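Residue numbers are given in numbering that gives the first Met the number 0: position 22 of the sequence shown equals residue 21, and the series is strictly consecutive.
Note that the Cβ used here is the ideal one computed from N, Cα and C, for glycine as well.
Keep in mind that this is a model prediction, so the values were computed, not measured.
Reading through the structure tokens given below for one structure.
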Amino acid sequence: MSIILGVDPGSRITGYGIIAAEGRGWRYLDSGCIRMKTEQTLPERVLTIFQGLSQVIAQWQPTQASVEQVFLSNNADSALKLGQARGAALVAIGHAGISVAEYSARQIKQSVVGTGAADKVQVQHMVMRLLQLQTCPQADAADALAAALCHAHANTHMLKMTITGLRRGRGR
């Protein structure tokens, strides 16, 4: 079993999700949002993200992490702030010595919903179904859980490819 932390970075709200990957199945452990106060400066927000994720990591001890990549934006200021929020998340994960994978929003949506053009409601719905949740997680937490599920899918796919390759190699 491996515990996977998914992170949806944001300069106002950073979502996180924790799942346990057990063979071909997944189990929900926790999710939530790290919310910044409107009066916080950007350096204070970055610190809040680092501290919040560090607390989540200390509590759950994940062995792997998945972080959504920065998308290109028309607004350079927004893209820079998002990049700094993402950097705070990566530092918290790296500081804990956890391996991290990065996926685009399109890859995450494709993995969880089946289309890279899915909207937030579709992601929330599929996260609820895949993790058998009774209540709908907040959008940023659902995106983070989707990032964790995407990584679990990628791990399962890589394991399957490795086993298939080993089986083929034995016959030669």
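With 16 other Cβ atoms within 10 Å as the buried cut-off, status of residue i
{"i": "isoleucine 77", "result": "Strictly speaking, residue 77 in this sequence is serine, with isoleucine absent from that position. So serine 77 ends up on the exposed side."}
{"i": "valine 120", "result": "exposed"}
{"i": "threonine 37", "result": "exposed"}
{"i": "aspartate 118", "result": "exposed"}
{"i": "cysteine 149", "result": "buried"}
{"i": "phenylalanine 70", "result": "exposed"}
Nonlocal neighbours in the same chain, by C-beta distance under 8 Å from residue i, ignoring five residues either side
{"i": "isoleucine 92", "result": "Leu4, Val6, Leu52, Ile56, Ala64, Val66 and Val99"}
Where residue i falls: helix, strand or coil (DSSP)
{"i": "leucine 132", "result": "coil"}
{"i": "aspartate 142", "result": "helix"}
{"i": "glutamine 58", "result": "helix"}
{"i": "isoleucine 215", "result": "As displayed, the chain neither begins before 0 nor continues past 171, which places residue 215 out of reach and without an answer."}
{"i": "threonine 114", "result": "coil"}
{"i": "alanine 95", "result": "coil"}
{"i": "threonine 47", "result": "helix"}
Same chain, Cβ closer than 7 Å to residue i, five either side skipped, listed in chain order
{"i": "arginine 105", "result": "Gly115"}
{"i": "serine 1", "result": "Ala20, Thr62 and Gln63"}
{"i": "valine 112", "result": "Gln121, Val122 and Met125"}
Sheet register partners of residue i (DSSP bridge)
{"i": "leucine 3", "result": "Note that residue 3 corresponds to isoleucine in the displayed sequence, not to leucine. According to DSSP, which records beta bridges pairwise, isoleucine 3 is partnered with Ile18 and Gln63."}
{"i": "glutamate 101", "result": "Val66"}
{"i": "glycine 24", "result": "Glu21"}
Cut-off 6 Å between Cβ atoms - residues of its own chain near residue i, not counting five sequence neighbours on either side
{"i": "valine 126", "result": "Ala141, Leu144 and Ala145"}
Host alpha helix (DSSP H) of residue i (start-end)
{"i": "arginine 11", "result": "Here arginine 11 belongs to no alpha helix (DSSP H), and DSSP marks it neither H nor E."}
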